[in-house]
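What follows is one structure encoded as structure tokens, with my remarks underneath.
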Amino acid sequence: PIDFADTLTVLDRVKSALNRATDSSSYFGTRNKTLGRAALYAVNSGNAIEVGIGNLVDADLGKESAKLQAAQIRQQLAAQTLSIANQQPEWLLTLFRG
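Here it is, written out as structure tokens:
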């Protein structure tokens, strides 16, 4: 309990409380800056990881696309080769017919 009749004691207590409030404000302000920097670092790291993963996925998609195109070309060449091979006997028969 504070004896409000003793003004010097009240003034000392108010000054002490004000100093504690100032110290606490400084402490929490410093912690707030530290947390802000950590949050910014986390966001930047997350963005960098997202970009890196995107690059990996894009690289894999390009590779798979090239594989698919190569397979399609092989299939087309096989179909054309089969068509040419099937036409050869008919062409030879036309030579003998005349």
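The opening position of the sequence shown corresponds to residue 6 in this note's numbering, with each subsequent residue numbered one higher. Glycine residues also receive a C-beta, built at the ideal position from the N, C-alpha and C atoms. Since this is a predicted model, take the numbers as computed values, not measurements.
How big is the Cα-Cα spacing for residue i and residue j?
{"i": "R79", "j": "S88", "result": "14 Å"}
{"i": "L23", "j": "D17", "result": "10 Å"}
{"i": "Q74", "j": "L82", "result": "12 Å"}
{"i": "F33", "j": "K20", "result": "20 Å"}
{"i": "E69", "j": "Q85", "result": "24 Å"}
{"i": "L13", "j": "I7", "result": "11 Å"}
{"i": "S50", "j": "S31", "result": "29 Å"}
{"i": "N91", "j": "L98", "result": "12 Å"}
{"i": "N52", "j": "A43", "result": "14 Å"}
{"i": "D65", "j": "T35", "result": "45 Å"}
- In chain order, which beta strand (DSSP E) runs of at least 3 residues are fully inside the segment 39-72? With a minimum length of 3 residues, no continuous beta strand (DSSP E) run stays inside the segment 39-72.
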